[in-house]
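Undergrad: Quick one: the structure is below, questions incoming.
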Ligand SMILES: Nc1ncnc2c1ncn2[C@@H]1O[C@H](COP(=O)(O)OP(=O)(O)OP(=O)(O)O)[C@@H](O)[C@H]1O
Ligand SMILES: Nc1ncnc2c1ncn2[C@@H]1O[C@H](COP(=O)(O)OP(=O)(O)OP(=O)(O)O)[C@@H](O)[C@H]1O
Ligand code: MOO
Ligand SMILES: [Mg+2]
Ligand SMILES: [Mg+2]
C-alpha cells in the first residue's frame with residue numbers, strides 16, 4: 005500500500021484548497037458584482053481550465069514550466085530545481101486546474117444571495133469588498149463548502165495533469181491516482197484495491213462530516 | 005489535427021450532460037429536502053466519484069465491465085460486444101464520474117432557495133416533487149447552469165477513466181484529451197498545440213455565450 | 003540497512019520501459035542485497051517515448067532504460083546524457099498472448115487475429131511505445147494489419163496493453179515476452195512468440211543521465227553483469243549481443 | 007364547523023376552539039407584536055410542528071395529533087404569508103393559478119382572474135412579479151390564497167401594506183367574499199378597526215396565551231384581562247382599588263380621586279380592598295374647555311368629573327389625541343378635530359367620564375391569565 | 007437643509023423640494039399603493055438609478071446629476087426597507103452595529119444598544135434574527151437605520167407591522183428622537199394618523215406624480231386634487247357643478263340636491279357651469295336620528311341638511327362607520343360608538359354637513375395634476 009502517495013495527494017489537495025479558498029471568493033465576488041460587460045469574458049477565461057482536458061493544460065504547463073521555457077529556467081536558476089516534476093509545479097498546476105471548481109459554485113451562490121441584503125449593506129455605508137466579506141460570503145456558506153469539497157476532491161482525483169507534468173516521482177509527484185494506475189498495470193490488483201478502499205473510506209468519512217456540519221442551514225422540507 | 009477526437013469528446017460530454025440534467029435534479033431534490041438522517045450518507049456516496057481518482061473508478065469499472073464480471077458478461081451476451089472499449093462504456097463511466105459535479109451545485113442552489121417559497125408551495129397543496137419542479141428548480145437557475153457547465157467541462161476534460169477503460173480507439177474512445185496526450189508523448193507538439201487551440205477557442209465561445217445568457221438574473225452591484 | 007546516524011541514503015530514480023516491469027524489480031532487489039551501503043532506488047515504468055519527453059522537460063531521472071535504442075540516443079543528441087553512457091542491455095521479444103478462456107487462439111500467431119471470434123486486440127500505443135510500433139510492423143509484415151486495425155485497442159504502454167488482456171477486457175494482445183513470463187500472467191493464459199525477424203529489432207538500451215550519482219552507473223553495470231543478465235534471461239530477454247540463434 | 011386548536015411551541019401555549027359558521031366565518035387573531043400569532047397560523051397550516059401533546063382538528067378531521075400529522079399539502083387551507091412569499095419566477099397569473107392544480111385546466115385562468123379582481127389586483131396581471139410594490143404584492147398574495155377556495159383560510163395581516171382608501175374598500179370586498187363563500191377564516195391583524203369591521207369573533211393572544219375569545223363586539227367592549235384591554239386599545243387603564251361597596255355600587259379610588267360605579271355584573275365579585283383596573287377608552291371621555299368644579303357622580307350618565315390639564319395635542323386624521331394630567335393621573339382622550347381647535351397644551355379643561363364608558367377588570371398583579379382563559 | 011429631487015423612473019415622474027429644518031424634520035410621503043413611494047426613496051438612496059435628467063441633491067451636494075452619481079455607500083443616508091432586509095446571519099446587535107464602522111470600536115455596542123432601546127427593541131438583543139416576528143423585525147430594522155445617525159433618514163413604512171399600542175408609543179418615541187437629532191427624514195406611510203402625528207410636511211404622491219406638498223395640516227385640510235383628496239382619506243367626494251355665483255357664495259348642485267357655500271379663496275376662481283368636487287370627511291358629517299326637514303342653509307354653521315337612509319353600519323373600534331344614501335348620493339359618515347347604538351341599516355336619518363367641513367376641488371376630469379404640481 006503506497007502510503008507516500010496517499011499522503012502526497014492529501015497534501016496537494018489540502019494546499020490547493022487553502023489557496024483557492026483565499027483567491028476564489030475575491031475573484032467570484034468581482035465577477036458577480038461587477039457591472040462591466042467584459043466580465044463575462046473574464047468569467048469564461050476563469051472557467052476555461054474546466055473545459056480544457058488536463059492534458060492540454062498539462063501540455064501548456066509543461067511548455068511554460070519546463071526547463072526550456074523562460075519561466076522554468078528562471079525558476080530553476082533561482083531555486084536550483086526545475087518547476088516541472090516538483091511538488092511546487094504540481095501545486096501550480098492544481099490551483100490553475102481547480103480554479104473553476106472553486107469559482108463556479110461561489111458564483112452561483114453569490115447570485116442567489118438576496119439582493120436586498122446587499123442593498124441594505126451598501127446603504128449602511130459599506131463598499132463592495134466589505135459587503136462581500138460580511139454579507140455575501142457568510143450567506144453563501146453552502147457555496148463555499150461546495151467549492152471547497154469540489155476543489156479538494158478534484159485535486160485528489162487529478163490524473164492527467166499530474167501524469168504530464170508530475171513525472172511519477174515517488175514522494176514528490178506520485179499521487180495516489182498515479183500510484184493506483186501503476187499498481188493496476190503491474191497486475192497488483194490487491195494493492196490497487198486496498199489503496200482504493202483506503203481512499204474510499206477516508207473520503208466517505210470526510211464527506212459525511214462535511215455534509216453533516218453543513219446540513220444545519222439546509223431548508224428541510226416543511227414538516228411532511 | 006484529430007477532428008474525430010474533438011467530435012467524440014463533444015458527443016460524450018453532450019450525452020453525459022443530458023443524462024445528468026435529468027437524473028441529478030431528482031437526486032439533489034431528494035437529498036436537499038429529505039429530513040432523514042441517513043441522507044447525509046447517501047449524499048457522501050453520491051459525492052464519492054469526486055474524491056476517487058479517475059484511475060480508481062477506472063479500475064473498478066474495468067473489473068465491473070470486463071467479461072469476467074457478471075455485468076460485463078451479461079452485457080456482452082446481450083449486445084454481442086463487451087462494455088469496455090466502447091462508447092457506451094465510456095458514457096457509463098462519465099455519468100458516474102460527473103454525477104457529483106452535477107449534484108453538488110444543485111444541492112447548494114436548492115439550499116439557498118427561500119424557504120418560505122417552498123412553504124408557500126406546499127400550503128397551496130403541492131407535494132415535494134411538484135414543488136421541486138415548479139419552484140425550487142426554476143429558482144435554482146444558476147445552480148442548474150453551473151451543474152451543466154461543470155458536467156460538460158469535466159467530461160470533456162476527463163482523462164484518467166478514459167485512459168483506463170477506453171483503449172484509445174479512434175472515433176470510438178479516443179477522446180480529445182487522449183489525442184493531445186498522445187501527440188505530446190510523440191513529440192508532435194504542433195498537432196498538440198493546434199488541437200488545444202481549437203478546443204480552447206471553442207470552449208471559450210461556449211462559455212462566453214452561456215455566461216452572457218445566464219447573466220440576466222445576476223444581482224449586479226447596486227448602482228455604484 | 004544503516005543506523006539512524008548514517009548519511010541519508012542515495013536516491014536513484016530510474017525511468018524504465020514497462021516491459022521491464024517485473025524483471026527490473028527483481029534485478030534491483032538482488033542488487034540491493036549485494037550492496038553494503040544504503041541505496042534507495044525508485045522506478046517508474048511507462049512507455050519509452052513518454053520518458054524522453056519528460057526528461058527533455060527536466061524530469062529528475064538518473065537512469066533511463068528504454069525499450070528501443072533510438073529513444074536513448076535521442077537523449078544523447080539533446081545533450082541530456084554523455085555519448086559513452088549509452089549501453090545495450092537486452093533484446094526484446096514479442097508474443098501473442100491470450101487468456102485461458104479467450105475466443106482467440108494464440109498458437110496461430112498474428113494470422114489468427116483475423117479470426118471472426120476475435121473482437122479486440124490489445125497493443126501498446128505505437129506513437130510512443132516501442133512495443134506498439136513493433137507490433138504494428140509485425141502485423142504489417144504478416145499482412146493482417148488492415149484486417150485487424152478495427153480491433154486494435156491501444157494501451158498507454160505495453161504493460162497497460164497486457165493489463166487490458168489479462169483483465170479479460172481484450173481478447174488477445176501483442177505483448178512483450180517479459181510480461182507473459184511474469185508470475186502474474188504465466189498461469190493465466192498462453193502465448194506464441196512473434197518471429198523476431200518480422201519487426202525491427204528491439205534493441206533495448208539505456209543511458210545514465212548527466213549529473214546522475216555514481217550509483218546510477220553502478221546499477222547500469224550490474225544490469226549488464228552476468229548476474230543481471232541471468233535475471234533478464236529468466237524473463238525471456240535475449241542478451242544484447244544476440245544474433246539470431 | 008369547529009376548528010379545535012391546542013398548541014405549544016416557542017412562546018405559544020394556546021388553546022382555542024373556534025366555531026366557524028358560514029354566516030359568521032371570520033375569527034380575528036388579535037394581539038401585540040411577538041405574541042405568537044404567526045406561529046399559531048403556521049402550526050394550523052402544518053408548516054411548523056408544535057410540541058407533542060398539541061392538537062389541531064377541523065371538525066372530526068385531526069390534522070395534528072398524538073398519532074398523526076397531516077402534511078401541509080394535504081391540509082385544505084389557504085395561507086397568506088405576512089411576507090407575501092410570492093414566487094418571483096412566475097407571473098402574477100402564474101402565482102394565482104399555482105394552487106389550482108386540482109381544477110380542470112380550462113377553468114384555471116377564469117378562477118385566477120376572478121380572485122385577482124376580487125382583491126382589486128386585476129390590473130396587475132401583466133406586471134412582473136418582482137416589480138410589484140408592497141401593497142400590490144399583498145393583494146396578489148391574497149388572491150393566490152383565495153383562488154383554490156380552501157376549506158379554511160389563514161390570513162396573516164392581509165391588508166397591512168395597503169393605503170387607507172384601498173384598505174377600506176378591500177375590507178368590505180374581502181368580507182363579502184368570505185361571507186359568500188362561507189369559508190371559515192382565521193385572520194391576524196394589528197388594526198382594531200379592521201378586527202371589528204371584518205371579524206365575527208376575536209381571539210386575543212398575548213404572550214402566547216389566549217386571553218379572551220368571543221364575539222367581536224363583546225370582546226371589544228369587555229376585555230377580560232389587563233393585557234387584553236391594552237391590546238384592544240383601551241387607552242386608559244388606571245390602577246385603583248375598591249374602597250367600599252354600597253349596595254350595588256362600588257366606591258373606587260384611583261390616584262388622588264375616587265369614583266362610584268356599577269360593576270358590570272353586580273358588586274358580587276368585588277369586595278373592599280380588591281385591586282381593580284379601571285378601563286376607559288380615549289374616545290369615550292368628554293373634554294370640555296369650561297372648568298366646572300370636580301364632581302363625583304353616581305348615576306349612569308356621569309361617573310366622575312375632574313379638572314385636568316392638557317399636556318399634549320396630536321392630530322391623528324379623523325380625531326385629535328389629547329394627553330391629560332387628571333390630578334396626577336395621566337389619561338388620554340380623543341376629540342373631534344373641530345373641538346380640538348380650541349385646545350392647546352397647558353390649557354385647563356374639564357374631563358367627564360360617562361358611566362357606561364367605565365370597564366372594570368379584576369387586577370391580579372403577578373399572573374393575569376384568567377382561569378380557564 | 008434642502009433636499010432637491012427631480013426623478014423619472016418607471017411610474018415615477020416627480021419633482022420635490024423639501025426644506026428640512028431641524029425643528030420640523032419629518033416629511034411624510036403619502037400615497038396609494040403602487041404610487042412610486044418606494045421607488046422615490048430608492049432613487050434618493052442611490053439604490054435605483056433614475057433616468058437621465060434626474061437630479062438628487064442635499065443642499066449643494068449633488069448625489070445624482072448629469073455628471074456625477076454618488077454610490078449608495080457614500081450617501082450619508084439611513085434607509086429602512088419596507089421588507090426590513092435584516093441580515094439573517096448576524097445577531098440583532100450585529101445588525102444594528104453593522105453601519106457603525108466609522109465609529110470607534112469601543113463606542114459601537116453602546117450606540118447600538120441605545121438605538122435598540124429607542125425603538126423599544128432592547129429586549130430582543132438575544133433573539134436569533136430569523137426568529138424575529140414581523141413587528142420585532144421592523145423595530146430592529148428601524149434601530150439599524152437610526153444607529154449611524156445619518157444625515158438623512160429614509161423610512162419606508164417604519165411602523166406598519168406593529169400593533170396599535172406599540173405603534174402609538176413608537177410614533178411618539180420616534181418623533182422625539184428625530185426632533186432631538188434634528189435628522190431630516192423622508193418617511194413613507196399609509197396611515198393618515200401616523201402621517202399627521204409624525205409629519206411636519208406631507209407630500210402626496212399619486213401615480214408617480216407629486217400632487218401636493220406642504221405643511222401637514224394644510225395638506226390634510228385642503229387637498230389640491232381629487233386624487234390627493236382620495237388618498238388623504240376624504241371619504242366623500244361628490245361630483246357637482248356650480249349653478250350660480252351669488253356674491254361671495256357659490257350655489258352648487260350635487261346629485262338631486264344643491265348647496266350654497268363659500269369657496270376657500272372667494273368665488274373668484276369659479277364660474278357658473280364649472281365642474282367641482284365637493285369633499286367632506288366622514289367624521290365631519292352629523293347624523294341625527296330625528297328627521298328634520300331637508301334644508302339648504304347658507305351660513306357657516308350648516309351648508310345643507312338632508313334626509314337620508316342608513317345602508318350599512320360597521321364598527322371600526324373607536325367609531326362606527328355609516329354608509330348613507332342621501333337622496334341617491336352615496337355618502338359615508340362616522341359616529342361615536344355611543345351614538346351608533348341607536349342606528350341600524352334601513353333607518354331614516356337626518357344628515358347635516360357643516361359649513362366649515364366642505365372643501366371644494368376644481369374638477370378637471372382628464373388630467374388632474376394641478377399646474378406646477
Ligand atoms: N424558532 C423559535 N424559537 C424560539 N422563539 C421563536 C422562534 N421563532 C419565533 N420565536 C419567537 O416567538 C415569538 C412569536 O413570534 P410570531 O412570529 O408568532 O409573532 P407574531 O404574533 O406574529 O408577531 P408580529 O405581529 O410582530 O408578526 C417572537 O417573539 C419570536 O421571537
Ligand atoms: N423595474 C420596474 N419597471 C417598471 N415598473 C416598475 C418596476 N419596478 C416597480 N415598478 C412599478 O412601479 C410602481 C411603483 O412601485 P413602488 O414600489 O414605488 O410603489 P409604492 O408607492 O412603494 O407602493 P406600496 O405602498 O404598495 O409599497 C408599481 O406599480 C410597480 O409595479
Ligand atoms: O516503452 Mo514500452 O515498454 O514499449 O511501453
Ligand atoms: Mg407575525
Ligand atoms: Mg413601497
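Protein chains in written order, with our numbering: chain Z, 5 to 228; chain R, 5 to 228; chain C, 3 to 247; chain G, 7 to 379; chain Y, 7 to 379. Where is the CB? At the ideal position from N, CA and C, for every residue including glycine.
Just checking residue 50 of chain G against ligand 4 - is the residue's beta carbon closer than 8 angstroms to any of the ligand's heavy atoms?
TA: no
Undergrad: To the nearest angstrom, how far is the alpha carbon of residue 276 of chain G from that of residue 248 of chain G?
TA: Roughly 8 angstroms separates the two Cα atoms.
Undergrad: Taking 9 angstroms as the cut-off, decide whether the C-beta atoms of residue 231 of chain G and residue 367 of chain G are in contact.
TA: yes
Undergrad: Report the neighbours of residue 73 of chain Z on chain R: residues whose CB is nearer than 8 angstroms to its CB, in chain order.
TA: Near residue 73 of chain Z there are no residues of chain R at all, since even the closest Cβ is about 13 angstroms away, more than 8 angstroms.
Undergrad: So what does DSSP say about residue 400 of chain G, is it helix, strand or coil?
TA: This structure gives no information on residue 400 of chain G, because the portion of chain G shown stretches from 7 to 379.
Undergrad: Between residue 233 of chain C and chain Z, is the shortest Cβ-Cβ distance under 9 angstroms, so that the two count as touching?
TA: no
Undergrad: What are the complete alpha helix (DSSP H) segments, minimum 4 residues, inside the segment 23-57 of chain G?
TA: 43-51
Undergrad: Distance check for residue 45 of chain Y and residue 379 of chain Y, CA to CA, integer angstroms please.
TA: Bear in mind that the predicted position of residue 379 of chain Y carries a pLDDT of just 36, short of 50, making it too unreliable to give a figure here.
Undergrad: Excluding five sequence neighbours on each side, which residues of the same chain lie with their C-beta closer than 6 angstroms to the C-beta of residue 121 of chain Y?
TA: 102, 149, 152, 153
Undergrad: With 16 other CB atoms within 10 Å as the buried threshold, where does residue 82 of chain R fall?
TA: exposed
Undergrad: Can residue 60 of chain G and residue 15 of chain G be called in contact, C-beta distance under 9 angstroms?
TA: Result yes, Cβ atoms of residue 60 of chain G and residue 15 of chain G sit closer than 9 angstroms.
Undergrad: Helix or strand or just coil, what does DSSP make of residue 16 of chain C?
TA: strand
Undergrad: For residue 95 of chain R, would you say it is in contact with chain C, using Cβ-to-Cβ distances shorter than 9 angstroms as the test?
TA: no
Undergrad: Please confirm whether any heavy atom of ligand 4 lies closer than 8 angstroms to the CB of residue 43 of chain G.
TA: Residue 43 of chain G has its Cβ nearer than 8 angstroms to a heavy atom of ligand 4.
Undergrad: Identify every residue that forms a DSSP beta bridge with residue 78 of chain Z.
TA: Residue 78 of chain Z is not bridged to any residue.
Undergrad: Please give the ranges of any beta strand (DSSP E) in the segment 97-148 of chain C, keeping only runs that are unbroken, at least 3 residues long and fully inside the region.
TA: Counting only runs of 3 or more, we get 123-126.
Undergrad: Rounded to a whole number of angstroms, what is the C-alpha to C-alpha distance between residue 100 of chain Y and residue 114 of chain R?
TA: Spanning the alpha carbons of residue 100 of chain Y and residue 114 of chain R requires a straight line of approximately 27 angstroms.
Undergrad: Mind checking whether the beta-carbon of residue 74 of chain C lies closer than 8 angstroms to any heavy atom of ligand 3?
TA: no
Undergrad: Within 8 angstroms: the Cβ of residue 170 of chain G and any heavy atom of ligand 2?
TA: no
Undergrad: Taking only the alpha-carbon atoms, compute the straight-line gap between residue 355 of chain Y and residue 340 of chain Y and give it to the nearest angstrom.
TA: 13 angstroms
Undergrad: Could you pull the start and end residues of the alpha helix (DSSP H) that residue 101 of chain G belongs to?
TA: 98-103
Undergrad: Can you find the residues in the same chain that come closer than 6 angstroms, C-beta to C-beta, to residue 97 of chain Z, ignoring five residues on each side of it along the sequence?
TA: 65, 165, 169
Undergrad: Look at residue 225 of chain G and residue 207 of chain G and say whether their C-beta atoms are less than 9 angstroms apart.
TA: Going by beta carbons, residue 225 of chain G and residue 207 of chain G fall inside the 9 angstroms limit.
Undergrad: Determine the DSSP secondary structure at residue 367 of chain G, reduced to helix, strand or coil.
TA: strand
Undergrad: How many Å lie between residue 257 of chain Y and residue 267 of chain Y at the Cα?
TA: 7 angstroms
Undergrad: From residue 20 of chain Y to residue 144 of chain Y, what does the alpha carbon distance come to, in whole angstroms?
TA: 28 angstroms
Undergrad: Which residues does DSSP list as the beta-bridge partners of residue 242 of chain G?
TA: G:286
Undergrad: Under 8 angstroms from any heavy atom of ligand 4, does the C-beta of residue 139 of chain Y make it?
TA: Short note on residue 139 of chain Y: C-beta closer than 8 angstroms to some heavy atom of ligand 4.
Undergrad: My understanding is that residue 196 of chain C touches residue 176 of chain C, with C-beta atoms under 8 angstroms, so please give their C-beta distance in whole angstroms.
TA: 7 angstroms
Undergrad: Please decide whether residue 107 of chain G counts as near chain R, where near means a Cβ-Cβ distance under 9 angstroms.
TA: yes
Undergrad: Is residue 11 of chain R close to chain Z, meaning its C-beta is less than 9 angstroms from at least one C-beta of that chain?
TA: no
Undergrad: Between residue 194 of chain G and ligand 4, is the CB less than 8 angstroms from at least one heavy atom?
TA: yes
Undergrad: Alpha carbon to alpha carbon, how far is residue 92 of chain R from residue 22 of chain R? Give it in angstroms, no decimals.
TA: 14 angstroms
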